[in-house]
Ligand SMILES: Cc1ncc(C[n+]2csc(CCOP(=O)(O)OP(=O)(O)O)c2C)c(N)n1
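Residue numbers (this note's numbering): 357 to 907.
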């Protein structure tokens, strides 16, 4: 008869959960011991819980199934919350196993005792403290099923130590997963009619609608009706590049998003949320849906996205229409002054086939979508919940999910420092990750935000809160100290050579790219014009932006 932990391990593996990103403590020791009873379970040690949770997020985005995390009580879970928040916003399945004190120990309120359920609830709609060894595996199977959804979500199973060590564990099987419902025929019919009505219409694609089959279906709808295709501002995973349909991402800056959406009569949501401004700003609207535009839902996150889109294509008689696809086109090798834009250009120039880009480049990545749109097909994973410190961990998970694909993590220096320990896991697991740190020695985006919120006075003390230059961060030293080969690039040539070499050599690499802030000084004042050059905006729209936003 297995103990609780051994039966739990079996249950997870049988349910398809075969990777566990762990940072354990004493209350999880039986779970740790049980790892050796399950050869199919890969256990990946992470040196901070935020790395474990971000890695589970990245893994599930690419593997299309959940990984487990193993976290130590309320404090360990709390350390992992920011990246669980990103997973929640991205509707990504994650199964947290959080150890707890043995049930008879709780009343003593020992040092690490805390209310774990309360910590979990903010990110995890499904939370359960398993009450007995006999019930444990049924709870675990339910957690996996709930996490898969759709919609994908975070499920948290709290595992008291005595439930884990108790005898009498009974492995359980995953309950049947009912197929997600299709949008009603009436609703699809109504959407087909309005798309053919001749107004200005658009589809807003999110979640699973940004994968190739859904993109192709959406592109057929666009070809038939003239509807525009938008993507959510921070997609969970978008498949893009040469040979795939193009979608314009809604801009982070609400001023620009408003211009993108201006004049729409109908906006059709496909596994996406109606667009809102990232933050509130004095005197500005939070809801980005323009006045006079009606919002419709073709597929909610709980519905079958692909079949709903296919039904719309069939209803429009568009199944045989050729979708508009991106042609293969790469930028030339960059030259001249070393800037963040040159890095994006070098990436467009060199990106290997089937790369996975984890984009936490912040201000430095503004030109990335444009400069990679015709690169060989690739996936982009973005900061779905805006909680920084996600890029390096997410790359760990993506590389474990797809060991045969190159992973490129693009990370701002400020963002990198939240979860820099991820480098150690990359080295230990010998993951094919190239990490590019945009070392602009600043929280540059916050300089922009300082302007945008209309703060009355900006003095030296305020500016100092956004400055990372003193002392300068040595990412080469940090990477080498954790076993990751690293180089510093201070010129465009050095960067291109370093990136090329890193892509050609297996295992992890870090490039500490010392670049000026992409948006500082003059550029800060010219920001609206810089925004105007974003991905594939028609010239007329660019002119409108300049008119509306010029300082
Ligand atoms: C968990 C969390 N803490 C703080 C923030 C606020 N924040 C947003 S961007 C940012 C700075 C990012 O700096 P960096 O990664 O260097 O990119 P840059 O702005 O320089 O392009 C901060 C601190 C956040 N979004 N999430």
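Using N, Cα and C, we set each Cβ at its ideal position, and we do this for glycine too.
* To do: Would you mind giving the Cβ-Cβ distance between residue 846 and residue 634, rounded to the nearest angstrom? I have them listed as a contact below 8 Å.
  => About 33 Å separates the beta carbons of residue 846 and residue 634, which is beyond the 8 Å limit, so they are not a contact pair.
* **Proximity winner among 484, 473 and 380, relative to residue 502 (alpha-carbon distances)** => Per the Cα distances, 484.
* Residues bridged to residue 683 [DSSP beta-bridge criterion] -> For residue 683, which the question treats as bridged, DSSP gives no partner whatsoever.
* To do: Give a single yes or no on whether residue 718 has its beta carbon closer than 7 Å to a heavy atom of ligand 1.
  => Yes, ligand 1 has a heavy atom inside 7 Å of this Cβ.
* **Proximity below 8 Å, CB of residue 835 to CB of residue 438** => Cβ atoms of residue 835 and residue 438: not closer than 8 Å.
* To do: Please list the segments of the beta strand (DSSP E) lying wholly inside the segment 516-575, counting only runs of 3 or more residues, in order along the chain.
  => Runs found: 557-561.
* Asked: To the nearest whole angstrom, what separates the beta carbons of residue 456 and residue 492, a pair I think is in contact under 8 Å?
  -> Going by Cβ atoms, the distance from residue 456 to residue 492 rounds to 12 Å, so no, they are not a contact pair.
* Straight-line gap, residue 838 to residue 831 (C-alpha atoms, nearest Å) -> So the alpha carbons of these two residues sit roughly 11 Å apart.
* **Secondary structure of residue 889, DSSP reduced to three states** => The pLDDT assigned to residue 889 is 49, lower than 50, so where the model puts this residue is not dependable; a value taken from the coordinates is nonetheless given after this. Residue 889: coil per DSSP, three-state reduction.
* What residue ranges within the segment 832-859 form continuous beta strand (DSSP E) runs of no fewer than 3 residues, ordered along the chain? -> For the segment 832-859, whole beta strand (DSSP E) runs of length 3 or above, ordered along the chain, are 842-845.
* Can you grab the Cα-Cα spacing for the pair residue 732 / residue 585, in whole Å? => Taken atom to atom, the span from the alpha-carbon of residue 732 to that of residue 585 is near 21 Å.
* Return the chain-ordered list of same chain residues with a C-beta closer than 6 Å to the C-beta of residue 434, the five sequence neighbours on each side being excluded. => Here the set comprises 475.
* To do: For the alpha helix (DSSP H) holding residue 584, just list the boundary residues, first then last.
  => Here residue 584 belongs to no alpha helix (DSSP H); instead the beta strand (DSSP E) covers 584-587.
* Asked: Should residue 601 and residue 506 be called a contact, given that it needs their Cβ atoms to be closer than 8 Å?
  -> Taking 8 Å as the cut-off, the Cβ atoms of residue 601 and residue 506 do not count as close.
* Taking residue 498 as the reference, which of 490, 511 and 489 has the closest Cα? -> Closest by C-alpha distance to residue 498, out of 490, 511 and 489, is 511.
* Asked: Can you tell me whether DSSP reads residue 393 as helix, strand or coil?
  -> Residue state, collapsed to three classes: helix.
* **residue 464 burial status per 10 Å Cβ neighbour count (16 or more: buried)** => Taking all protein chains in view, the Cβ of residue 464 is surrounded by fewer than 16 other Cβ atoms within 10 Å, so the residue is classified as exposed.
* To do: Give every residue of the same chain whose Cβ lies closer than 6 Å to the Cβ of residue 528, excluding the five residues on either side of it in the sequence, and list them in chain order.
  => Close CB contacts of residue 528 within its chain, under the 6 Å cut and outside five residues either way in sequence, are with 367, 493, 494 and 497 (chain order).
* Would you kindly check if the distance between the Cβ of residue 785 and the Cβ of residue 747 is under 8 Å? => No, they are not a contact pair.
* To do: Decide if residue 709 is buried, meaning its Cβ has at least 16 other Cβ atoms within 10 Å, or exposed.
  => Classification of residue 709: exposed, given that the 10 Å Cβ count is below 16.
* Asked: Can the beta-carbon of residue 380 be found closer than 8 Å to that of residue 388?
  -> Contact flag set, yes.
* Asked: Taking just the CA atoms, how far does residue 640 sit from residue 904?
  -> With a pLDDT of only 47 at residue 904, under 50, the local geometry of the prediction cannot be trusted, and no value is derived from it.
* Between the C-alpha atoms of residue 385 and residue 426, what's the straight-line distance to the nearest angstrom? -> Cα atoms of residue 385 and residue 426: separation of roughly 11 Å, rounded to the nearest angstrom.
* Given residue 651 as reference, the closest of 454, 535, 638 and 560 once Cα atoms are compared -> In terms of Cα proximity to residue 651, the closest of 454, 535, 638 and 560 is 560.
* Asked: How is the alpha helix (DSSP H) around residue 758 delimited, first residue to last?
  -> No residue range can be given for residue 758, since it is assigned to no alpha helix (DSSP H) and is classified by DSSP as neither H nor E.
* To do: For the segment 728-814, list the alpha helix (DSSP H) runs that are entirely contained and at least 4 residues long, ordered along the chain.
  => Complete alpha helix (DSSP H) runs here, min 4: 747-757, 769-772, 778-784 and 800-808.
* Within 10 angstroms of the Cβ of residue 513, are there 16 or more other Cβ atoms? Answer buried if so, exposed if not. => Counting of Cβ neighbours within 10 angstroms places residue 513 among the buried residues, the total reaching 16 or more.
* Return the CA-CA distance between residue 890 and residue 402, expressed in angstroms with no decimal places. => Its pLDDT being 42, under 50, residue 890 is placed unreliably in this model, and the value from its coordinates should be taken loosely. If you take the alpha carbons of residue 890 and residue 402, they lie about 37 Å apart.
* **Cβ-based neighbour list, residue 351, same chain, cut-off 7 Å, excluding 5 preceding and 5 following** => Shown here, the chain extends from 357 to 907; a query on residue 351 therefore has no answer.
* Enumerate in chain order the residues of its own chain whose CB-to-CB distance from residue 788 is below 8 Å, with the five nearest sequence positions on each side excluded. => Correct list, in chain order: 755, 759, 761, 762, 763, 862, 863 and 864.
* **Exposure label - residue 409; buried when at least 16 CB within 10 Å** => By the neighbour-count criterion, in which a residue is buried when 16 or more other Cβ atoms sit within 10 angstroms of its Cβ, residue 409 is buried.
* First and last residue of the beta strand (DSSP E) that includes residue 595? -> Segment 594-596, the beta strand (DSSP E) holding residue 595.
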